[in-house]
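Visitor: Quick one: the structure is below, questions incoming.
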Amino acid sequence: MPPISPSSPYPWQLQALLALPLLVLPLVLAPSGAWAAPATEAEMNLYTRIAAVNVCIARGAGVPFDRAVGIAGETIAQVILGQHEGVIAQVGAKPLGLEDLRKGSINSAVLGAAEICPKEVPADVMAKVQDALKQPPAAKPTAAPTAKPTPNK
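Structure, rendered in structure tokens:
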């Protein structure tokens with residue numbers, strides 16, 4: 005099929021009809037309050053894995069640990085906020101704010117990286133992760149030690 009141009013034999017109405025789905029698609033795919041569902045346990049596991057893999061890849065490329073964890077955590081926090089309006093089924097029905105999502109996502113990225121690529125995790129952070137995992141379930145904190153991301157310059 006030849007490309008559509010101003011001198012095309014196709015009427016402009018047909019061209020507009022063909023372009024309409026491209027204009028409407030972002031509106032259809034955007035999350036809506038009525039459509040957004042809480043992040044399930046399976047989704048959270050997937051997001052944690054994605055964050056951990058991103059940390060491992062970044063560390064392998066020479067990115068400092070704090071920066072790698074910060075970027076991975078921010079990415080996941082934004083996904084949870086955008087796709088699930090900050091609601092995580094395991095936590096409850098109340099939406100979490102961006103700061104809480106960031107903290108939790110960074111912690112998840114650290115824990116995941118400690119599991120997937122422990123050699124890429126600094127020794128002091130790895131020791132904190134090991135200590136947190138050794139605690140009995142009743143005394144275990146809700147989040148692992150947070151690696152502070154480097155501020156953007």
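Count along the sequence shown from 1, then add 4; that gives the number in the numbering used here. All residues carry an ideal CB built from backbone N, CA and C; glycine is no exception. This structure is a prediction, so every number in the text was calculated from the model and none was measured.
Tell me whether A131, by its Cβ, gets closer than 7 angstroms to a heavy atom of the ligand COA.
Guide: The ligand COA is absent from the structure shown, which contains no ligand whatsoever.
Visitor: Figure out for me which residue from S112, E124, V129, L85 has the closest Cα to the Cα of A41.
Guide: That would be L85, whose Cα lies nearest to the Cα of A41.
Visitor: Quick test of your reading: A113 and A76, contact by CB under 8 angstroms. State the CB separation rounded to the nearest angstrom.
Guide: The pair is a contact, with the Cβ atoms about 4 angstroms apart (cut-off 8 angstroms).
Visitor: How would you write the range of the alpha helix (DSSP H) that A56 sits in, first residue to last?
Guide: Where A56 is concerned, the enclosing alpha helix (DSSP H) stretches over 45-64.
Visitor: K144 by DSSP, collapsed to three states: which one?
Guide: For K144, the predicted model reports a pLDDT of 46, less than 50, meaning its position is unreliable and no value from the coordinates is stated.
Visitor: Relative to the alpha-carbon of R53, which residue among L115, V125, L100 has its alpha-carbon at the smallest distance?
Guide: Out of L115, V125, L100, L115 has the C-alpha closest to the C-alpha of R53.
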